[in-house]
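Taken in order, these protein sequences are the chains called R and D. If you read the first sequence in my numbering, its first letter stands for residue 10, the second for the next number, and so on. If you read the second sequence in my numbering, its first letter stands for residue 573, the second for the next number, and so on.
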Amino acid sequence: MASNIHKSARKMWRTMSSIKTGVVLLILVVIISAAGTVILQRPVTEADEMQRAYSPQMLKVLDALGLTNVFHAWWFILLMALVSLSIVAASIDRFPNSWRFYARPYKSTDAVFRKALPLQAQIPIADEEAGLAAAERALSRMRINSERIVGDDHFSLFAERGRPSQMAVYIVHASLLLIFLGGIVDGIFGWNGFLKLNQGEQSNRVELRDGTIRPLPFAIRCNSAGQENYADGSPKKWWSNLAVVQDGQDVASKEIVVNDPLVFNGVRFYQSSFGPNGNVEKLILDAIPSTGTATAREIAIAPGQTISLDEEATVSMAEFIPDYVVRDGQVYTRSNDVQNPAVHLIVDSKQSAARINVWLPPIPGFEENARSPYRFEAKDLKMGYFTGLQVSHEPGQWSVWAGVILMGLGLAFVFYVVHIRFWIVPMRRADGQLVLWVGGAANKNKDVFEEKFRKLVKEVEVESHTSTASAAASKTMLATH
Amino acid sequence: MARARVEQRSVPTGSTLVTLVGLSVAFLLFMAFLNVVKSGNLLTEENLLYAALIFYSGAGALYLAFGISGTPSYIKFASFATWAGLLANTGAVAHRWYEAGHPPFASIYEMLLSFVWTLAALTLIAEKKYGVKVIGTVTMPVAIVGVVLMQLLRTDVHPLVPALQSTWLHVHVTLAMLAYAACALSFALAMMFLIQDKMKTETFLAASSLFCIATYAGILTRFEKWGGLNVIAWNAEEKSEVFLSRGVRLFVTIPDLGWLMLLVTAAVAAPFALYLISRWKKSEHFLDLANRSVFIAILLQILALAFFVMRARDGQYASLDADGLFSTSLAASPFILSGLVGGIFVSLLYLLLLWRRTDLERMLPAAEALDRITYKTIAIAFPLLTLMIAAGAYWANRTWGSYWSWDPKETWAAITWLVYALYLHMRITRGWRGRRAAYFAIAGFVVVMFTFFGVTYLLPGLHAYA
Chain R
10 MASNIHKSAR
20 KMWRTMSSIK
30 TGVVLLILVV
40 IISAAGTVIL
50 QRPVTEADEM
60 QRAYSPQMLK
70 VLDALGLTNV
80 FHAWWFILLM
90 ALVSLSIVAA
100 SIDRFPNSWR
110 FYARPYKSTD
120 AVFRKALPLQ
130 AQIPIADEEA
140 GLAAAERALS
150 RMRINSERIV
160 GDDHFSLFAE
170 RGRPSQMAVY
180 IVHASLLLIF
190 LGGIVDGIFG
200 WNGFLKLNQG
210 EQSNRVELRD
220 GTIRPLPFAI
230 RCNSAGQENY
240 ADGSPKKWWS
250 NLAVVQDGQD
260 VASKEIVVND
270 PLVFNGVRFY
280 QSSFGPNGNV
290 EKLILDAIPS
300 TGTATAREIA
310 IAPGQTISLD
320 EEATVSMAEF
330 IPDYVVRDGQ
340 VYTRSNDVQN
350 PAVHLIVDSK
360 QSAARINVWL
370 PPIPGFEENA
380 RSPYRFEAKD
390 LKMGYFTGLQ
400 VSHEPGQWSV
410 WAGVILMGLG
420 LAFVFYVVHI
430 RFWIVPMRRA
440 DGQLVLWVGG
450 AANKNKDVFE
460 EKFRKLVKEV
470 EVESHTSTAS
480 AAASKTMLAT
490 H
Chain D
573 MARARVEQRS
583 VPTGSTLVTL
593 VGLSVAFLLF
603 MAFLNVVKSG
613 NLLTEENLLY
623 AALIFYSGAG
633 ALYLAFGISG
643 TPSYIKFASF
653 ATWAGLLANT
663 GAVAHRWYEA
673 GHPPFASIYE
683 MLLSFVWTLA
693 ALTLIAEKKY
703 GVKVIGTVTM
713 PVAIVGVVLM
723 QLLRTDVHPL
733 VPALQSTWLH
743 VHVTLAMLAY
753 AACALSFALA
763 MMFLIQDKMK
773 TETFLAASSL
783 FCIATYAGIL
793 TRFEKWGGLN
803 VIAWNAEEKS
813 EVFLSRGVRL
823 FVTIPDLGWL
833 MLLVTAAVAA
843 PFALYLISRW
853 KKSEHFLDLA
863 NRSVFIAILL
873 QILALAFFVM
883 RARDGQYASL
893 DADGLFSTSL
903 AASPFILSGL
913 VGGIFVSLLY
923 LLLLWRRTDL
933 ERMLPAAEAL
943 DRITYKTIAI
953 AFPLLTLMIA
963 AGAYWANRTW
973 GSYWSWDPKE
983 TWAAITWLVY
993 ALYLHMRITR
1003 GWRGRRAAYF
1013 AIAGFVVVMF
1023 TFFGVTYLLP
1033 GLHAYA
C-alpha cells in the first residue's frame, strides 16, 4: 500500500516535471488568453455594450463559465498556478544534475570520453612539457584561462569559458516565477482607483474600478492644476500641484505630470486627466451704465458673490450654465464642457426696488436686461478645473521589475554566452608517436565553435613548431660550443 | 513533365503580368509626382520620400530582374539604387524628426517611415555581410508598398497627446520594430529553408492561397447588408478618424464594394480548392488548373485594389449609425489597403517560385545553414520581444498606474512571446530541427502579424494610438 502511494506520487511528480506537461499548459494559456481577447471582458466593457453584443442566454452562459472575465476567473488563476508548479517541478527535477555539472566540472578525460567526443584532433609533438606549454600559450592568446590537471603519470590541460551559461535557464525560470509572484501579490493586496479633485479641494476617498470607495489614511489636496496646449489647441501637458495632508499637516508635495507620479506610503498618484468641472471661478465683465455718460467699469465676479455697482445697485451671480439649452420653459445644461455658456446675473437696485434678472446672452422669456440700470458685456471667463488622478497601490511590482531585470540577464546568458571547454592531453599513439590530443565541446552555436576549435589546433601546431625549432636551435648552439 | 509544360506556356503571360505591375507602379509614381508639383517647395519631406520611392522602385525592379534572369550585374545597380533610396529616406526621417521634435514613431505614418528605413538598411546589411543577394527581391517591394502607403496617409506633424510623451514609449516602439523585423526575417528564412528542403511547389500554392483567403476574410468582416463595405469615416480637416464616442469609430458604407470583395475572395480561394481536388483525385490536371487560377486571382485582386483606391480615396457615403453623408479617405483604412496589397504581393511571390524554382534553389544557401540562421534570428528576436513587453509594461505603469491590464494588444504580445518560448523549448530540449522548427517559426510570425495588424483592426483596446 505504502509503496503504491509512493509509486503514484512519483508518477505524478514525473508528469508534473515533464516538458510535455509544460508545453500542454502553455498551449492552454495561449488558447484561453486568445479567447479572452475575442470575447468582450466585463471589467473593461460597459454593461449595456455587453448586452448589445450578446443575447441574454449567451451572456448567461458566458458569465457562468467565467468567459466574460477570463483573466480573473478562478480556473485561469489555477492554470497559472499549474504553470508555475510545472516550472518549479521541472527545475527541481533537472537542477541537481546541472548543479553537479556546474559545480564539479569534468576536467580530466578518460579513454571512453576521448573516443566518443565528436570534435577532436591530434598534434604530433616532440616533448610533453613543450607541447603543453605551447597549448597554454595558444589558449591564453585566445583569452581562455587554462589549468593543469595532475593525472596518474602525466599532466593534462583543461580550459573553459562561460560556465554560468549552463545555469542560465534556471535564472530565466526563476525570473518568471518572480514576475508571477509580483502579479499574485498585486492581485491580492493591490488596488487601482480614481480620484477627482477640484482646485483647492482635498479628499481621501478613492473610487475603485468596481465603484466602491476606499478611504486612505491621508488626504490629497490639489493646490493647482493646469494644461498647456500645442499651437493647434490640442493638449500638450497636464500638471497638478499636489500636497499630502496627514493629521492636518502637509507632509509631502509634488507637481506631477503625466508619466511622473507622486508616491506616498506605497500609493501612487498619476496624472490621468484634466478638464473643466463646469464651475466658474471668475467672470470678468464690463458694467456700462444704461443712462448718462459714465464710463464702463470692469468687474470680476464669482458665483454667489455680490458686488456693488454704485451706491444704489449691486450685482450678484446666480447661475452659470456651461452648455445651455432651453426646453419646456427651463434652462438646462447639456454637458460640463463650456460649449455654449450662459450666465444669470441678478441686479438689485434701490431705485426700482426689485430684483432684475439679467442673462448673458439674453435668453428670451427669462431676461429682463432692458430694465437693468447697467448693461453688461462679458470680457473673459476663468473656469474652475478638476484634475483626474489614477491612484494605485501595487506592492508586488518590485518583484515584477526584479524578475524582468533577472530575465534580461538570464536570456543574455542563455543565448549569447556559450560554455566552451577544451581538454588537452599528451599521449603516445599506437605507432609510438608522441601527440597532444585536443578535444573540445560547446553547449550551443556549435558551428561557430568548430571554427574556434580549428583555430586553436592550428595555433597549438604553430606554437609547438616554433618551440621545437628554438629548442633545436639552442641544442645546436650548445653543440657548437 | 506537367510542370515543364506549365512553365513554358506561362512565361509570356508572366511578362504581361510584370508589365501590368510595372504600369500600376508607374501610375502610383505619377500620383505621387502630382503631390510634389502641388506643394511647390523642392527639398521637403514629401519630395525626399518621392526620391526614395523612385530609387526603391528601381532597386526593386533590378532585384526582380536578377531573381528572374540571374544576371549578376543587376545586383550591383540594385544595391546602388538601394543606397540612394536609403539616403533620401534618411533625409526624410531626419526632416520629420526635426520638425516633430520627437523620434518618428508616434503615428502609423511615422512608424512606416522608420520601418521602411530599417528594411532598406537591413537589406543592405544582409547583402553585404551575409551574401544573401536575393533578399532584395522580397524586401524592396515591401519598401515600395510602404512608401506608397505613406503618400496616401497623413503627413502633417501630429502633436503627441500627454500619455505618449515618454522616453519609454520610444524605447518600447523601437524594440517592437526591431523584434518584429527579426521575426519577419526568421519567417523569410524559414520559408527559404522549406524551398531548399524540397517542399513541393503546390504546398506553397496552398499556403499563398490560404493567406489571401485569410486576408479577404478579414476584409469581409466589414461586409455590410446589400453588398456594401464598411470603412472608417475620415475628417479631412482634422486629418483624423471620426469618433462617435470615446474609442467608437464611425463607419460609412461604400455600396457594392462588398460584392466585389466577395467575388475576389472566391477567386483567391479557387487555387486552394483546386489544390485540394488535385490531392483528392491525385491528378496533375487540377494542379495545372490551380496554377492558372492564380493568374485570374491576381488580376481580380488588382481590380479590387483599383476599385477600392478609387472609391475610398474621396467620396461621401452614408452611414448606418448616423444621419447624413460622411467622407472617407484611404488614410482611414490602412489595414484594408495593406491587406489588398499584401495579397497581390504574396501571389506574385508564388509565381516567382513557380517559374524560377531551380534558379532560386541555386542562389539560396544550403538548407542546414538556413535552419541554423533561422534559430539564430529567433535567438535575437526573443530577448527583444521580452524587453519590448517589459518596456511597454513600465511605460503603462508610469502612465496608467498598472503594468499589466490584459488589454488585447498586451495579451497578444504575451501570446507571441509564449509561441516563441515553445519553439525554443522544443528546439533545445526536444532537439526539433528542420521542417517542424520551420513550421513553428512561421506560426510565430503569423501571430506577430496578427498582433501588429489583426488586433488593431479586429479587436478593441487601449492601443488605439498606433
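Every residue, glycine too, gets a C-beta built ideally from N, C-alpha and C.
May I ask you to report which of helix, strand or coil DSSP gives Lys388 of chain R?
strand
Within 10 angstroms of the Cβ of Pro906 of chain D, are there 16 or more other Cβ atoms? Answer buried if so, exposed if not.
buried
Count the other CB atoms, across all protein chains shown, that sit within 10 Å of the CB of Gly673 of chain D; report buried if there are 16 or more and exposed otherwise.
exposed
Is the stretch 429 to 446 of chain R in contact with the stretch 214 to 222 of chain R, if contact means three or more CB pairs nearer than 8 angstroms?
no
Give the DSSP-derived three-state secondary structure of Tyr975 of chain D in the structure shown.
Note: Tyr975 of chain D maps to coil in three-state DSSP.
How is the beta strand (DSSP E) around Thr342 of chain R delimited, first residue to last?
Annotation for Thr342 of chain R: the continuous beta strand (DSSP E) segment containing it runs Gln339 to Thr342.
Looking only at C-alpha atoms, which of R:Asn452, R:Asp337, R:Glu459 and R:Ser282 sits nearest to Phe395 of chain R?
Comparing alpha carbon positions, the residue from R:Asn452, R:Asp337, R:Glu459 and R:Ser282 closest to Phe395 of chain R is R:Ser282.
What in chain R is Cβ-close to Tyr975 of chain D, meaning under 8 angstroms?
The contacting residues are Glu403, Gln406 and Val409.
Got a sec, what are the start and stop residues for the beta strand (DSSP E) Ile48 of chain R sits in?
In this chain, Ile48 of chain R is not harboured by any beta strand (DSSP E), its DSSP state being neither H nor E.
Name the chain D residues whose beta carbon is nearer than 9 angstroms to that of Ser64 of chain R?
Simply none; closest approach about 20 angstroms.
Is Val444 of chain R helix, strand or coil by DSSP?
strand
Taking the alpha helix (DSSP H) that Arg540 of chain D belongs to, which residues open and close that run?
Because chain D in this structure spans residues 573 to 1038, residue 540 of chain D falls outside the shown range and cannot be described.
Could you tell me which chain D residues have their CB closer than 8 angstroms to the CB of Thr24 of chain R, listed as they occur along the chain?
What Thr24 of chain R touches in chain D: nothing, since even the nearest Cβ is about 16 angstroms away.
Contact defined as beta carbons within less than 8 angstroms: I believe Gly448 of chain R pairs with Thr24 of chain R. What is the distance between those atoms, to the nearest angstrom?
Rounded, the Cβ-Cβ distance is 38 angstroms, inconsistent with contact.
Can you round the beta-carbon distance between Ala252 of chain R and Arg230 of chain R to whole angstroms, since I take them to be within the 8 angstroms contact cut?
5 angstroms
Along chain D, in chain order, which residues have C-beta atoms closer than 8 angstroms to that of Ile28 of chain R?
His997, Thr1001 and Arg1002
So for Ser12 of chain R, helix, strand or coil by DSSP?
helix
For Thr1023 of chain D, which residues in chain R fall below 7 angstroms Cβ to Cβ?
Near Thr1023 of chain D there are no residues of chain R at all, since even the closest Cβ is about 10 angstroms away, more than 7 angstroms.
Skipping 5 residues on each side, what residues in its chain have a beta carbon closer than 7 angstroms to that of Val178 of chain R?
Val423
Listed from N- to C-terminal order along the chain, which residues in the stretch 380 to 402 of chain R have their beta-carbon within a distance smaller than 8 angstroms of any beta-carbon of chain D?
From the stretch 380 to 402 of chain R, only Gln399, Val400 and Ser401 have a Cβ closer than 8 angstroms to chain D.
Around the Cβ of Met882 of chain D, are there at least 16 other Cβ atoms within 10 angstroms (buried) or fewer (exposed)?
exposed
For a cutoff of 8 angstroms on Cβ pairs, would you count Ala938 of chain D as touching chain R?
no
In terms of DSSP beta bridges, what is His353 of chain R paired with?
R:Glu328 and R:Trp368
Could you check which residue in R:Ala112, R:Trp248 and R:Leu87 has the C-alpha nearest to that of Leu398 of chain R?
R:Trp248
Nearest by alpha-carbon distance to Met764 of chain D: which of D:Gly632, D:Leu957 and D:Val704 is it?
Of the listed residues, the one whose Cα sits closest to Met764 of chain D is D:Val704.
Does any residue of chain R have a CB that is nearer than 8 angstroms to the CB of Ala1036 of chain D?
Only weak support is given to the placement of Ala1036 of chain D: the predicted model assigns it a pLDDT of 42, under 50, and the value that follows is read from those uncertain coordinates. It does not; no Cβ of chain R falls within 8 angstroms.
Taking Cβ-Cβ distances shorter than 8 angstroms, what residues in chain R pair up with Val991 of chain D?
Neighbourhood of Val991 of chain D in chain R, by CB distance below 8 angstroms: Val39, in chain order.
Taking only three categories from DSSP, how would you classify Val706 of chain D?
In the structure shown, the three-state DSSP call for Val706 of chain D is coil.
Give the DSSP bridge partners of Ile293 of chain R, in chain order.
R:Ala309 and R:Asp389
Does chain R have any CB closer than 8 angstroms to the CB of Pro675 of chain D?
In terms of beta-carbon proximity, Pro675 of chain D stays away from the interface with chain R, with every pair separated by 8 angstroms or more.
With a 10 Å radius around its C-beta and 16 neighbouring C-beta atoms as the bar for buried, classify Met326 of chain R as buried or exposed.
buried
At a Cβ threshold of 8 angstroms, is Met416 of chain R touching chain D?
The Cβ of Met416 of chain R sits closer than 8 angstroms to at least one Cβ of chain D.
Can you confirm whether Arg170 of chain R, when its beta carbon is compared against all beta carbons of chain D, has any partner nearer than 8 angstroms?
no
If Met712 of chain D sits next to Tyr635 of chain D, beta carbons under 8 angstroms apart, how far is it from one beta carbon to the other, in whole angstroms?
For a cut-off of 8 angstroms, the C-beta gap from Met712 of chain D to Tyr635 of chain D is around 5 angstroms, short enough to register as a contact.
Could you tell me the boundaries of the alpha helix (DSSP H) in which Pro65 of chain R lies?
Pro65 to Leu74
Would you report the Cα separation of Ser165 of chain R and Thr475 of chain R, rounded to the nearest angstrom?
21 angstroms
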